[in-house]
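Quick notes on the structure that follows.
Number of protein chains: 2
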Amino acid sequence: MSRRNAFYAQSGGVTSVINASACGVIETARANRDRIGKVLAGRNGIIGALEEDLIDTSRESASAIRALMQTPSGAFGSCRHKLKSLEDNRAEYERLIEVFRAHNIGYFFYNGGGDSADTCLKVSQLSHTLGYPLQAIHVPKTIDNDLPLTDNCPGFGSVAKYVAISTREAAMDVASMCATSTKVFILEVMGRHAGWIAAAAGLAAEKEGDAPHIILFPEIAFDRKKFLARVQRCVKRHGYCVIVASEGTQYADGSFLSDSGTRDAFGHAQLGGLAPTLAAMVKDELGYKYHWAVADYLQRAARHIASQTDVDQAYAVGKAAVEFAIAGKNAVMPCIERGRGKRYTWRIGEAPLEKVANVEKMMPRSFITRDGFGITAPARDYLAPLILGEAYPEYRAGLPRYVQLKNLPVPRKLRKRFRVS
Amino acid sequence: MSRRNAFYAQSGGVTSVINASACGVIETARANRDRIGKVLAGRNGIIGALEEDLIDTSRESASAIRALMQTPSGAFGSCRHKLKSLEDNRAEYERLIEVFRAHNIGYFFYNGGGDSADTCLKVSQLSHTLGYPLQAIHVPKTIDNDLPLTDNCPGFGSVAKYVAISTREAAMDVASMCATSTKVFILEVMGRHAGWIAAAAGLAAEKEGDAPHIILFPEIAFDRKKFLARVQRCVKRHGYCVIVASEGTQYADGSFLSDSGTRDAFGHAQLGGLAPTLAAMVKDELGYKYHWAVADYLQRAARHIASQTDVDQAYAVGKAAVEFAIAGKNAVMPCIERGRGKRYTWRIGEAPLEKVANVEKMMPRSFITRDGFGITAPARDYLAPLILGEAYPEYRAGLPRYVQLKNLPVPRKLRKRFRVS
């Protein structure tokens, strides 16, 4: 078998550990030079393939590639571009094959979430449909933790850790101040459809009365009255109330609170943001002094406090993807399998892509307390191991030493240009 | 001299290292048992003194006190309560003396910012006015970095580090996504009157073009047109734009972009909501996809990534305060003096409280670039050493092991009750 090159691309929202998966792919390919040629990365994800804008990762030093282990964001650029079906956009698929053929690409490693798994599956099918031999392996990544078949998704554990730590820290701050000042603190976290991230904040609490006192999940219809009653009861009992809210918190009719177009306590139009909306409610109805924070990108970029477990798993799925490719597999995804023992163990398993694509893993209802405001013991058992270990990056002059790759382009071979609109 | 007890209280907004100062005070007092009796802490700050709600720190183990070094927030509770002048509220001062006399308190250690320095000065003057011997020492603390005479303020370095790291991390995230998605990211940070915290974000940039591309300071009148033109130029040049904005960003007429209309006990405006305001401007005028984050309490509670320099200095000012007291000083504040050499060094100095109280140290105009959107080399030289070193807390099960003291009350001695309204 001639040595064919590999294509690697990052897709969708990036995480603090997606580059650890890139490191796993590239280092493992380098360790198997007899089987795999160069790893060519798509600049800005799949768009790089379509536009023949490829990055030659072989021009990066071993130490630069190793430094990806401690570097957040997408080192080659990512994108939000979903390939339509072959019927709807044959031109894009044909272009992909044209580029792959020109650069002797035989392996397609796609590092992303649910949409990307779908794209990866479609690409794997090209092999048959367009008569071009290609093995497509999906490398799981999503802070949303919503991919099926895998116990958890690389990227999630580090956000979970960040959110749990930040909740604990901010809660202690509020507890110090509540006698005369702030009584309610609201932290808005990511999670549009599933409450996994908000749930992780629950790990901050160790005993009854600890913050967070209220978690708002997209899975539980928001009930303003019940929410405000709970806030009030909490402030009366504990002196303060810490709320962690999923950005996807919604009313029973499915409308997001953050899209509500309401006005704040002072008549100003709400400019978006669930946290200020909730804060205005608390202020209007209960009159408590509040503070709110919106973590936004900070939470998914916080490599400075990444979970070691997450970093290890992110690397492992990248490594396994290359090993699967070498073993001749196609249309699969390395997944994380949890051991059955009391002590947390995990190993890499294999999931067929057709069972991954377009399936969203929701949080089980049994992970949410009956009242809808907290997490249960099974949720805690599931979440706790994912935040284990502190994978500190190196520092220089007080700041993390994150790598910026050279990202040198592979010379174009095709005369035809292609622009992704 | 009979051994008199010490009173220690935390005041105003807490920080991630104020407890390191508490540790410095308590450990140093314990090491001088022949000179100082017990350290009695005010529960919820000065209110604890007024209401005779004192905490007996001698009931805490040495290891619990040591654990304060790595615990954010105010371990004894803080408050926002400013004592008026002696003429305006003689009752409160007389009550203080009554409580101090009942508990044989001869030393008053007040750990706070500018307003607290003023209170501390007033208390120091009681000694004369009300004929009660008392030494009052102010222990500097404020994330705002706005106390005069000290090179910097304990609490600031850690916020600076958090903000610089978060800016770098989030910027890398945006840079990965900007080809097809988010182009503008706005991080709102604290800083009502002085732009020290926002300035610290500038440390994230190492070379031309690095984020943050725009810093908004309270010191520079906000010019909507100029701001939007700069955002647009930045996106055109770099593909994305990262903005770090002080909550105190204001128009030329002094009105805050984010003023929510409420005032705290000190009469300060409660701010928040600047980031969404700026985001709406960007969206309306330029149409770029944006994300925004508001760090709020997360930034000042982030002990998980505190600056080692800051922790060391916070401890040192607490220690020095007790040493000053033993040396018979009154109405002083230990301050931080920077060495003159090229390599950063610091030592503890002494500042008279009457020169500290009610003086706000603004950022020199020379620290802000001529265009008003960035920091200069002198600012960088000043700020860089303050974020040096990573003072990681211990972890257990993936979360920082922060201490919760027992905070046992000192039995009341006075029959008269006093309620702070």
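Chain order of the listed sequences is A and B. For the first sequence, counting from 1, position 380 maps to 416 in this note's numbering; every step adds exactly one. For the second sequence, counting from 1, position 149 maps to 185 in this note's numbering; every step adds exactly one. Glycine included, every Cβ here is placed at the ideal spot set by N, Cα and C. As the structure is a computational prediction, the values presented were derived from the model and not from experiment.
For a test of your reading of the model: does the CB of G148(B) fall under 7 angstroms from any non-hydrogen atom of the ligand ADP? Yes or no. Summarising the ligand content, the structure contains no ligands, and the ligand ADP is consequently not present.
Can you tell me where the beta strand (DSSP E) holding S282(A) begins and where it ends? Membership of S282(A) in the beta strand (DSSP E) is indicated by the continuous run 277-282.
Contacts of C115(B) in chain A (Cβ-Cβ under 8 angstroms): For C115(B), the residues of chain A that pass the 8 angstroms Cβ criterion are M213, A215, T216, S217, in the order they occur in the chain.
Taking C-alpha atoms, which residue in V220(B), L90(B), S121(B), M226(B) lies nearest to G309(B)? Selected option, being the one with the closest Cα: M226(B).
Tell me which residues share the same chain as K32(B) and place their Cβ nearer than 8 angstroms to its Cβ, disregarding the 5 neighbours each side in the sequence. Chain B is shown from 37 up to 457; residue 32(B) falls before or after that span and cannot be answered.
Residues bridged to E134(B) [DSSP beta-bridge criterion]: BP columns for E134(B) are empty, so no partner.
Check whether the Cβ of V250(A) lies closer than 8 angstroms to any Cβ atom in chain B. The sequence given here has Ile at residue 250(A), not Val. No, I250(A) lies away from the interface with chain B (no Cβ there is under 8 angstroms from its Cβ).
Can you tell me which residues form a DSSP beta bridge with C371(B)? Its beta-bridge partners are G385(B).
Residues that I384(A) contacts on chain B, provided the C-beta gap is smaller than 9 angstroms: Neighbours of I384(A) in chain B, taken as residues at a C-beta separation under 9 angstroms, are lacking, since the least C-beta distance is about 22 angstroms.
What residues from chain B crowd round R336(A), counting only those whose CB sits closer than 7 angstroms? Result: D209.
Interface flag, L90(A) vs chain B, CB-CB below 8 angstroms: At a cut-off of 8 angstroms between beta carbons, L90(A) makes no contact with chain B.
Cross-strand partners of S343(B) (DSSP beta bridge): DSSP, once it has assigned bridges, lists E426(B) as partnering S343(B).
On a CA-only basis, which of I173(A), A153(A), H164(A) is nearest P184(A)? Give me that one, please. Distances from the CA of P184(A) to each of I173(A), A153(A), H164(A) were compared; the closest alpha carbon is that of A153(A).
Quick one: what's G78(A) bridged to in DSSP? According to DSSP, which records beta bridges pairwise, G78(A) is partnered with L90(A).
As assigned by DSSP and simplified to three states, the class of F403(A): In the displayed model, F403(A) falls within a helix according to three-state DSSP.
Leaving out five residues on either side along the sequence, give the residues of the same chain with a beta carbon under 7 angstroms from the beta carbon of P388(A). Excluding residues within five positions, the ones whose Cβ falls inside 7 angstroms are A367, V368.
Does any residue of chain A have a CB that is nearer than 8 angstroms to the CB of N125(B)? Judged by the 8 angstroms Cβ criterion, N125(B) is not in contact with chain A.
Any beta carbon from chain A within less than 8 angstroms of F360(B)'s own beta carbon? Interface with chain A (8 angstroms Cβ-Cβ cutoff): F360(B) is excluded.
Just verifying my parser: in three-state terms, what is the DSSP assignment at L166(B)? DSSP places L166(B) in the coil class of the three-state scheme, outside both helix and strand.
Below-8 angstroms beta-carbon distance, G354(B) vs any chain A residue: Interface annotation, G354(B): not in contact with chain A, CB-CB separation never under 8 angstroms.
Quick one: is T313(A) near chain B, going by C-beta distance under 8 angstroms? Chain B contact via Cβ: absent.
Mind checking A433(B): buried by the 16 CB within 10 Å criterion, or exposed? With fewer than 16 other beta carbons inside 10 angstroms of its own, A433(B) counts as exposed.
Please state the DSSP three-state secondary structure of H174(B). Under the three-state reduction of DSSP output, H174(B) falls in the strand class.
Just mark E430(A) as buried or exposed, buried being the case when its beta carbon has 16 or more other beta carbons within 10 Å. Using a 10 angstroms sphere on the CB of E430(A), the tally of other CB atoms stays under 16, which defines it as exposed.
Verify the CB distance criterion: does F221(B) have a CB-CB separation below 8 angstroms to chain A? Output row for F221(B): interface = yes.
Only counting the same chain, and skipping five residues up and downstream in sequence, which positions put a Cβ closer than 8 angstroms to that of R18(A)? Beyond the ends of chain A as shown, which are 37 and 457, falls residue 18(A); an answer cannot be given.
Give the interface partners of K120(A) over in chain B, defined as CB-CB distance under 8 angstroms, in chain order. Chain B residues near K120(A): none, gap ~15 angstroms exceeds 8 angstroms.
Run through DSSP, which three-state label would P414(A) get? Looking at P414(A) - three-state DSSP - the assignment turns out to be helix.
Burial state of A237(B) (16 or more Cβ within 10 Å): Under this definition A237(B) is a buried residue.
Applying the 10 Å Cβ sphere with the 16-neighbour rule, what's the burial state of R376(A)? R376(A) counts as exposed, since fewer than 16 other C-beta atoms from the protein chains shown sit within 10 angstroms of its C-beta.
Would you decide whether E123(B) is buried or exposed? Buried here means 16 or more other CB atoms lie within 10 Å of its CB. Flag for E123(B) reads exposed.
Residue closest to G193(B), alpha-carbon to alpha-carbon, out of R204(B), T203(B), T186(B), N181(B): When R204(B), T203(B), T186(B), N181(B) are compared, the shortest CA-CA separation from G193(B) is found for N181(B).
Run through the DSSP bridge pairs and tell me what V210(B) is partnered with. When beta bridges are read from the DSSP output, V210(B) appears opposite no residue.
Apart from the five residues just before and just after D348(B), which ones in its own chain have a Cβ nearer than 6 angstroms to its Cβ? For D348(B), where only same-chain residues beyond five positions count, there are no Cβ hits under 6 angstroms.
So, for A315(B): in the same chain, excluding its five sequence neighbours on each side, which residues have a beta-carbon less than 6 angstroms away from its beta-carbon? Same-chain partners within the cutoff: I222, Y326, W328.
With DSSP run on the structure shown, which of helix, strand or coil describes P447(A)? For P447(A), the three-state secondary structure derived from DSSP is coil.
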